[in-house]
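Report on the following structure.
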Amino acid sequence: MAEKPVKLPDHQRVYRKLREMILFGELAPGQPVTIQGLVGTLGVGMTPVREAIRRLTSEGALVFKGNRRVSVPEPDMAQWDEIAFARLCIEPELARKATIKITSDALARLADYDDHLNAAIDRGDVRGYLENNYRFHAFLYDQAETEVLSSIANMLWLRAGPSLRVVLGRYGTANLPDKHAEAMEAIKAGDADAVAAAIRGDIEQGIAQVRETLMAEKI
23 MAEKPVKLPD
33 HQRVYRKLRE
43 MILFGELAPG
53 QPVTIQGLVG
63 TLGVGMTPVR
73 EAIRRLTSEG
83 ALVFKGNRRV
93 SVPEPDMAQW
103 DEIAFARLCI
113 EPELARKATI
123 KITSDALARL
133 ADYDDHLNAA
143 IDRGDVRGYL
153 ENNYRFHAFL
163 YDQAETEVLS
173 SIANMLWLRA
183 GPSLRVVLGR
193 YGTANLPDKH
203 AEAMEAIKAG
213 DADAVAAAIR
223 GDIEQGIAQV
233 RETLMAEKI
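Here you go:
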């Protein structure tokens with residue numbers, strides 16, 4: 023008999039849902055939302071919503087705005103440069119370590135995420151792109167089995183994801199950076215340095231697009 027899926031506690035379920043709303047652009051940078059509004063949207067009580075907000079605030083993914091409101095931070099250029107520097111230090115190294123440990127089953131799952139990402143690009147599906155791009159990177163980094171670096175990368179994605187959503191809102195999914203195929207070929211070849219280089223290039227292209235958008239908004 024198949025095991026029944028484990029039901030997560032409300033606070034954990036709400037945290038995951040709110041985290042995805044931030045990562046995938048349902049909450050735009052600078053857009054204030056009330057705690058009561060989130061209670062209604064998520065269909066849960068006040069306590070798990072407050073606990074999720076507390077966690078996400080400690081991770082830098084939300085900021086309090088007063089009057090029981092929170093919002094996703096709007097990074098300025100200096101903050102974005104810090105995020106970019108940290109991502110470029112950590113994520114290529116996670117990709118390098120993952121290459122050494124990855125299994126054929128994990129590689130097949132990565133390919134599935136990339137197929138869904140490419141399909142999202144073709145149909146102009148911003149949410150689909152954001153979700154599958156995140157899943158690809160997060161799953162690859164998980165294969166490195168490095169708790170500290172992975173937790174930092176997850177925090178950085180919470181800071182970077184909303185800004186990428188702003189870029190997609192302006193330009194759509196055409197001509198998006200995607201060096202995943204290059205990374206996949208390098209993983210199959212067991213070339214950890216090439217995988218790290220491909221992931222670095224992928225991140226650099228995304229960073230450049232966000233930086234260009236931030237600069238345009240200042241003009």
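To convert a position in the sequence shown, counted from 1, into my numbering, add 22.
Backbone N, C-alpha and C fix where the C-beta goes; we use that ideal spot for every residue, glycine too.
- Leaving aside the five residues that flank W179 on each side, the residues in its chain whose CB is nearer than 8 Å to its CB run, in chain order, L45, Y156, H159 and A160.
- Apart from the 5 residues on each side of it in sequence, E73 sits with its Cβ closer than 8 Å to the Cβ of H33, V36 and Y37 in its chain, given in chain order.
- Note that the C-beta distance between V92 and I75 is below 8 Å.
- Spatial neighbours of N154 in its own chain (CB-CB distance under 8 Å, excluding positions within 5 residues in sequence) are listed in chain order as Y135, D136, H138, L139 and A142.
- Rounded to whole angstroms, the separation of the alpha carbons of R233 and E169 is 29 Å.
- Under the three-state reduction of DSSP output, P51 falls in the strand class.
- Y163 is positioned such that its CB atom lies no closer than 8 Å to that of S173.
- DSSP places R91 inside the beta strand (DSSP E), whose first and last residues are R91 to S93.
- Residue state for V232 is assigned as helix, using DSSP reduced to three classes.
- Measuring C-alpha to C-alpha distances from T79 to each of D127, R187, L236 and M177 identifies M177 as the nearest.
- Assigned with DSSP and collapsed to three states, T56 falls in strand.
- In this structure L30 is exposed. Its beta-carbon is surrounded by fewer than 16 other beta-carbon atoms within 10 angstroms.
- In this structure, P184 sits away from A100, with a CB-CB distance that is not shorter than 8 Å.
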